[in-house]
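Notes follow the structure.
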Amino acid sequence: MERYKKRATPNLFINMAKDFNFRLEPFIFLYITEKCQLRCRHCYMGDRLYHPQEMSYGQIEEILRYFKTIGHYKLYLLGGEPLLHPKIKEIILLANKIGYEVVLTSNGQFDKKIFKEFSPDMIHSFSFSFDSCDEAIHDQIRGKGTFRRLVQNVK
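Numbering follows numbering that gives the first Met the number 0, with no gaps: position 19 of the sequence shown is 18.
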C-alpha cells in the first residue's frame, strides 16, 4: 500500500486496479462544463453555477486520447449542461473521430438547431433529466416551463 501514497495519476489508478484485481469500466464520465441555464433545487453544483468553469478543448482531447489507449470506448458528456460548452460540436466530432460512442446527458432545455450540425450517428444515445411525470412537480424542481420544453425536445 505504501507505493500508492504518491500523487494520483491515471497510471496510478490503473496499477491499483491491476494489483487489487479490480475491473476497469470502459466508460468515461466527463464533466466538460459547470454552465447551466437552470437552478434546480437538488443540484450538486451549488454555487459553482454562478462562477462556472469548463474544460478546455485541449484538456478534453488529452483525456480522450489517453483513455482510448487503455480500452475505453464510451463517453458520457455531462455538466452543468454540456450543450452550453462553446466547443461542443468540436468535442463530439473529436470523440467520434477517436472512436468513442457518445452519450449526451442534458436537461433538455436546448435549441434544436444545434443538432443540425451533427449527423444522426454521431450521438449514440441521449439521457434526459425528468424529475417527475407530473408537469407541476417537475417545474417546481427545475423551473417553470422546463417540463414542456423537455418533452418537446425529446420528440
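Even for Gly, the Cβ is constructed at its ideal location relative to N, Cα and C.
Through-space distance from residue j to residue i, alpha-carbon basis
{"i": "Leu93", "j": "Phe109", "result": "21 Å"}
{"i": "Leu82", "j": "Ser105", "result": "7 Å"}
{"i": "Glu100", "j": "Arg40", "result": "31 Å"}
{"i": "His137", "j": "Val153", "result": "15 Å"}
{"i": "Phe125", "j": "Leu76", "result": "10 Å"}
{"i": "Ser55", "j": "Gly79", "result": "15 Å"}
{"i": "Lys96", "j": "Pro25", "result": "17 Å"}
{"i": "Leu74", "j": "Val102", "result": "6 Å"}
{"i": "Pro51", "j": "Gln139", "result": "24 Å"}
{"i": "Glu33", "j": "His84", "result": "9 Å"}
{"i": "Lys143", "j": "Gly70", "result": "42 Å"}
N- and C-terminal bounds of the alpha helix (DSSP H) containing residue i
{"i": "Ile31", "result": "Taken as a continuous stretch (DSSP letters only), Ile31 belongs to no alpha helix (DSSP H), as it is neither H nor E."}
{"i": "Lys73", "result": "Taken as a continuous stretch (DSSP letters only), Lys73 belongs to no alpha helix (DSSP H), being part of the beta strand (DSSP E) at Lys73 to Leu77."}
{"i": "Ile69", "result": "Segment: none, Ile69 is in no alpha helix (DSSP H) and carries neither H nor E."}
{"i": "Gln139", "result": "Glu134 to Arg141"}
{"i": "Gln151", "result": "Thr145 to Val153"}
{"i": "Lys96", "result": "Ile87 to Ile97"}
Cross-strand partners of residue i (DSSP beta bridge)
{"i": "Ser163", "result": "It is not possible to answer for residue 163, since the shown part of the chain is limited to 0 through 154."}
{"i": "Glu53", "result": "Thr32"}
{"i": "Ile27", "result": "Leu74"}
CB-CB length for residue i against residue j, believed under 8 Å
{"i": "Leu37", "j": "Arg141", "result": "6 Å"}
{"i": "Ile59", "j": "Ile90", "result": "6 Å"}
{"i": "Gly107", "j": "Tyr72", "result": "Wrong, their Cβ atoms sit about 26 Å apart, outside the cutoff."}
Distance cut-off 7 Å: residue i Cβ against heavy atoms of the ligand FMN
{"i": "Arg141", "result": "Judged by which ligands are present, the structure shown has none, so any question about the ligand FMN falls away."}
Exercise for review: Indicate whether the contact test is met: 3 or more Cβ pairs, each with one atom in the stretch 116-126 and one in the stretch 56-71, closer than 8 Å.
Suggested key: no
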